[in-house]
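Okay, structure first, notes after.
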Amino acid sequence: MGKAINESKTKPYGQATAFEDTAGGRTGRGLLNMNSLPNREDSDLTLGLMELRRDPMYRRIPEERRVRYAERSLNDGYEAAEAAERLAIGELLERAGIAVRFDGASGGLFGSALRAQIDWTGKVPRIVVYRESMRQLAEAASAFPGTFGELTAEAAADIHLAHEYYHWLEYTRGVFTAERLDPVEIRFGPWKRRASVRQCGEIAAHAFAKRLLKLTHLPNLLDYLYLMHIGELNKEAFDEEMEKCREASGSGRRHMV
11 MGKAINESKT
21 KPYGQATAFE
31 DTAGGRTGRG
41 LLNMNSLPNR
51 EDSDLTLGLM
61 ELRRDPMYRR
71 IPEERRVRYA
81 ERSLNDGYEA
91 AEAAERLAIG
101 ELLERAGIAV
111 RFDGASGGLF
121 GSALRAQIDW
131 TGKVPRIVVY
141 RESMRQLAEA
151 ASAFPGTFGE
161 LTAEAAADIH
171 LAHEYYHWLE
181 YTRGVFTAER
191 LDPVEIRFGP
201 WKRRASVRQC
211 GEIAAHAFAK
221 RLLKLTHLPN
231 LLDYLYLMHI
241 GELNKEAFDE
251 EMEKCREASG
261 SGRRHMV
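Below, the structure written as structure tokens:
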């Protein structure tokens with residue numbers, strides 16, 4: 011029933027992002043044009059589409075259906091958060107019998123930086139959160155005031171706990187978010203197969219965390235802030251991709267945060 015271990019991670023260090031103009035130079039601390047960020051009205055759908063673009067099956071999704079995939083995934087996350095009855099993430103984890111361990115290191119797997127991961131293969135499901143990664147996210151958020159307020163490492167950890175808790179909900183209900191949406195078709199000559207759009211589960215987990223913790227934006231924005239903060243993501247390329255997703259969502263150009 012899906013993966014036994016689910017991980018929250020960012021891209022491998024030292025590599026350009028899929029949409030980065032590597033010739034554009036490195037971005038300095040705090041230089042993000044805040045007008046590139048979505049306002050509260052179009053934030054979730056725009057950032058949801060940014061997440062959807064990361065899926066290997068993205069180009070297989072008919073263009074006219076991409077917004078629907080993002081919207082339905084967002085709604086799954088919202089509904090799960092509403093069903094949580096305004097409980098704190100710590101209480102939700104305790105009720106579910108999920109153990110939490112904080113690791114002082116910054117996690118890594120095959121060159122990727124791990125933020126947190128849940129393992130439900132043992133007798134007791136367990137979430138591991140990497141403290142150094144949380145500190146890095148908090149530092150990056152502080153470089154871009156106006157995005158997440160004064161985000162602490164503890165608040166960043168709560169975001170990741172909520173994210174992984176949503177994946178636990180998917181696992182226990184027996185149906186993952188991606189399985190609730192139409193699969194895409196892949197053709198290899200005369201052969202064809204169908205595949206789920208797995209990133210839909212990530213969109214839903216972001217939406218769950220945002221609604222549960224009352225965040226300003228979907229928390230996947232934190233990874234982009236972090237990559238810009240350390241100079242691995244070109245700011246102009248980020249602006250351009252945000253605008254593409256904003257236009258695709260039907261928001262168009264408008265005054266942003």
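Throughout, the working numbering is defined as the position within the sequence shown, counted from one, plus 10.
All C-beta atoms in this analysis are idealised placements derived from N, C-alpha and C, irrespective of residue type, glycine included.
Status (buried if at least 16 other CB within 10 Å, exposed otherwise) for residue i
i	result
residue 182	exposed
residue 245	buried
residue 198	exposed
residue 133	exposed
residue 105	exposed
residue 220	buried
residue 112	exposed
residue 164	exposed
residue 214	buried
residue 251	buried
residue 257	exposed
residue 160	exposed
Inter-residue CB distance, residue i and residue j (contact presumed, cutoff 8 Å)
i	j	result
residue 216	residue 228	4 Å
residue 176	residue 87	6 Å
residue 210	residue 187	5 Å
residue 84	residue 55	7 Å
residue 114	residue 142	7 Å
residue 137	residue 171	6 Å
Nearest-angstrom Cα separation, counted from residue j out to residue i
i	j	result
residue 195	residue 74	15 Å
residue 173	residue 255	23 Å
residue 96	residue 222	7 Å
residue 204	residue 190	14 Å
residue 98	residue 153	27 Å
residue 253	residue 166	26 Å
residue 192	residue 224	30 Å
residue 239	residue 232	10 Å
residue 202	residue 65	19 Å
residue 92	residue 72	31 Å
residue 184	residue 77	25 Å
residue 69	residue 260	19 Å
residue 157	residue 53	11 Å
residue 237	residue 243	5 Å
residue 247	residue 130	38 Å
residue 94	residue 230	21 Å
residue 145	residue 124	13 Å
residue 169	residue 249	24 Å
residue 200	residue 63	27 Å
residue 82	residue 155	30 Å
residue 162	residue 109	22 Å
residue 128	residue 147	19 Å
Residue-chain proximity (residue i, chain C), Cβ-Cβ < 8 Å
i	result
residue 227	Although the question refers to chain C, the structure presented lacks it and comprises just one protein chain.
Residue i CB to nearest heavy atom of the ligand ATP below 7 Å
i	result
residue 249	Among the ligands in the structure shown, none appear at all, so the ligand ATP cannot be discussed.
Proximity below 8 Å, CB of residue i to CB of residue j
i	j	result
residue 218	residue 80	no
residue 135	residue 100	no
residue 139	residue 151	no
residue 207	residue 67	yes
Runs of beta strand (DSSP E) lying entirely within the stretch 185 to 267, each at least 3 residues, in chain order: Runs found: 194 to 198, 201 to 205.
Segments of 3+ residues assigned as beta strand (DSSP E) that fall wholly inside the stretch 51 to 106: Fully enclosed beta strand (DSSP E) runs of 3 or longer: not present.
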